[in-house]
Amino acid sequence: MILIRILLCILAPTRLGAVTTNQEFFRIMSQRFLNRKTFTLGSIGAAALAATLAAPSVLAQQKVLNIYSARHYQTDQALYDAFAKANNVKINRVDTDDAGVLQRLKAEGSASPADVVLLVDASRLAKADADGLFAPIKSPVLEKAIPAQYRDASTANGTTWYGFSTRARVIVYNKAKVKPADVDSYEKLASAANKGKVCTRSGSHPYNLSLFSTMVEHIGADKTQAVLQGMVGNMARAPKGGDTDQIKAVASGECGVALTNSYYLARMMRSSNPADRAVVEKVGVVFPNQSSWGTHMNIAGGAVAKHSKNKDLAQKFLEYLASPQAQRYFADGNNEWPVANGVQIDNAALKAMTGGKAFKSETIPVSVVGKNQVKVQQMLDRVGYK
Ligand SMILES: [Fe+2]
């Protein structure tokens, strides 16, 4: 900066050398530029340089919102852009997976620049909350828009995390090998009819932890452990891979039946890749427990970071996520369902998956995963569900 000012003093020496603040310096330069009757290349260049250098001070006034996100969906960019434009905010995103977000927040501690945290599973939101990584907020907007089932329980200090989209944990089966009636509930994955047919990702993956944690609420700990034990005895192979790998293994016949989040199947249903189309042709889907407690629903959600220096702006962003327009981007971008009251989407894959009909979903608060996670992990260890 000093060198540049010396250079400009040579170009236009009067007064400028004595100016003390950069603001004053740029004001005089701009004024001098405007007062000239004839422009020379030198004066234009100097003014352009001054304007360029002045730009950072303008940018410095723009607020910055730092989002640590486990969502990496192309369509989310439009979501961020709309908020940034409407509020003259620059959004910085750190994209990594859930575990990476939590690790980074813990490592950074009170020095963390994070304002908003977005995660894609209830058990991880509960874990981050238990680890003290979130700041509770009081937001009448969010309390009104997001049903109590899909947010953390409120305390006198407020609510820490909110769900912004839902996903169903569904069962996929090989249409040539398995009858849908044999796999129409989670409990039936433990039945004799499914011996040697069951595939899942790791039992302690958060998606399964969340499912088994709500199962404890529905049928009790003893029965849940019996189901887990039966599933282990019915495995076609040791748990491995992600949900998409389970769908592919069901299609190939290596597995007869598997658990998956609904959006992985929807993604394949919307794919133009012939290999994905071939997979989708071979598998059927059931929304489990329609005649009992309903299909397990998980959430993607968010919270204000504990050490945010922009808590008001972070809260405003979460409130924006609950607006109808943002809800459509947020949910539809990953083939999920919006959570905000009264918001609908028109997603062809989700429509095809449900046959265009409403399905019965569980009605207990998803926040119960927080209190049952440790208990479920102990059960998994006891029955050898890796
Ligand atoms: Fe996922």
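Counting from 1, position 58 in the sequence shown corresponds to residue 58 in the UniProt record's numbering; the numbering is continuous, with no gaps. All residues carry an ideal CB built from backbone N, CA and C; glycine is no exception. Values in this document were obtained by computation on a predicted structure and should not be read as measured data.
Any contact between the stretch 146-153 and the stretch 253-268? By contact I mean 3 or more CB pairs, one from each, below 8 Å. no
Out of curiosity, what's the CA-to-CA distance linking alanine 193 and aspartate 245? 23 Å
Anticipated Cβ contact below 8 Å, leucine 228 with tyrosine 385, distance rounded: 5 Å
Taking the continuous beta strand (DSSP E) assigned at alanine 349, which residues delimit it? Careful: alanine 349 lies outside any beta strand (DSSP E), inside the alpha helix (DSSP H) at 348-354.
With 16 other Cβ atoms within 10 Å as the buried cut-off, status of glycine 370: buried
Counting pairs of beta carbons, one from the stretch 154-172 and one from the stretch 325-333, are three or more of them closer than 8 Å? yes
Out of curiosity, what's the CA-to-CA distance linking valine 383 and isoleucine 299? 27 Å
Any residue with its C-beta under 6 Å from a non-hydrogen atom of ligand 3 counts. Can you list them all in chain order? Ligand 3 is absent from the structure shown, which contains only ligand 1.
What residues match up with threonine 166 in a beta bridge as DSSP calls it? Ile299, Trp337
Report the three-state DSSP secondary structure of alanine 275 (helix, strand or coil). helix
Which of helix, strand or coil DSSP assigns to residue 406: The requested residue 406 does not occur in the structure, where the chain is confined to residues 1 to 386.
Which of the three DSSP states, helix, strand or coil, is assigned to phenylalanine 134? strand
Go through its chain and collect everything with a Cβ distance to arginine 5's Cβ below 6 Å, but skip five positions before and after it. With a pLDDT of 42 at arginine 5, under the threshold of 50, the modelled position of this residue cannot be trusted, and the question is left open.
Contact between the stretch 279-289 and the stretch 170-187 is defined here as three or more beta-carbon pairs at a separation below 8 Å; is this criterion met? yes
Are three or more beta carbon pairs between the stretch 301-309 and the stretch 98-114 nearer than 8 Å? yes
Arginine 104, enclosing beta strand (DSSP E) - first and last residue: Run containing arginine 104: none in the beta strand (DSSP E); it sits in the alpha helix (DSSP H), 98-108.
Assess contact between the stretch 61-69 and the stretch 83-91, defined as three or more Cβ pairs (one per stretch) separated by less than 8 Å. Is contact present? yes
Tell me, please, whether the stretch 150-161 touches the stretch 178-190 by the rule of three or more beta-carbon pairs shorter than 8 Å. no
Alanine 358 to glutamine 61, Cα distance in whole Å? 48 Å
Going by DSSP in three states, isoleucine 247 sits in which element: helix, strand or coil? helix
In whole angstroms, give me the CA-to-CA distance for asparagine 208 and arginine 169. 9 Å
Determine the DSSP secondary structure at residue 387, reduced to helix, strand or coil. In the structure as shown, the chain begins at 1 and stops at 386. Residue 387 is therefore absent and cannot be evaluated.
Taking 7 Å as the limit between beta carbons, can you name the residues of its chain near glutamate 319, skipping five residues before and five after? Ser139, Val141, Leu142
Less than 7 Å between the beta carbons of glycine 333 and aspartate 81, yes or no? no
Keeping to the same chain, check which residues put their C-beta closer than 6 Å to that of proline 365; ignore five residues upstream and five downstream. Gln149
For a test of the three-state rule: what should DSSP assign to glycine 253, helix, strand or coil? coil
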